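Under mature numbering (1 follows the signal peptide of the UniProt record, and there is no 0), the residues of the sequence shown are numbered -20 to -1, 1 to 109, in order. Take a look at the structure below.
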Amino acid sequence: MSRLPALALTAALVAGGAQAAEPEREKQLLEIAASCAAFYQAGFDRLDLAVEPNEARRQAFIRVVDALSAKRMPPGDREPWFIEYVVGRTGIVVNLIDLKPDEVIPKVRSNLTACDKLLPEMNAAAGLE
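See below:
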């Protein structure tokens, strides 16, 4: 599976479209949802994001990841994928924030906004709406 760089989310959002039913777009949305969950978790860890409503948003992206991964991969592949794409990306984002806070924090905040705007398409693709 290809990996989107942790901070390249905005470009992926723009490149997408409202084609949630197409398999390639579903794959993109799955990977972006994983990044979104990671951005929110990193935000809790390093940006002091308020728990509410942000935890509900993080959980919404995790539900998308769960639903789309159930559609796209066998059960035995889901947990390792989640660990690599959500947990691993969280660590990457946290490390980037620690290394270059002035550069990375604005990008993470921008990506959180972009994530929220894309959530309806993700929910539709995942069959959650």
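We put the beta carbon where it would ideally sit given N, CA and C, even for glycine. From a predicted model like this one, the values you see are computed outputs, not experimental measurements.
- Excluding five sequence positions before and after Met102, the CB atoms of its chain that fall closer than 7 angstroms to its own CB belong to Leu9, Ala13 and Val44, given in chain order.
- In chain order, Ala22, Asp25 and Arg26 place their CB closer than 7 angstroms to the CB of Val74, counting only its own chain and leaving out the 5 sequence neighbours on each side.
- Under the DSSP assignment, Met102 falls in the alpha helix (DSSP H) whose first and last residues are Pro81 to Ala106.
- Following the DSSP letters along the chain, one finds Ile42 inside the alpha helix (DSSP H) bounded by residues Val31 to Arg52.
- Ranked by how close their Cα comes to the Cα of Arg69, the residues Pro86, Ser15 and Lys51 have Ser15 in first place.
- Around the CB of Ala50, fewer than 16 other CB atoms lie within 10 Å, so the residue is classed as exposed.
- The three-state secondary structure of Glu11, taken from DSSP, is helix.
- Distance from the CA atom of Leu108 to the CA atom of Met53, rounded to whole angstroms, is 18 angstroms.
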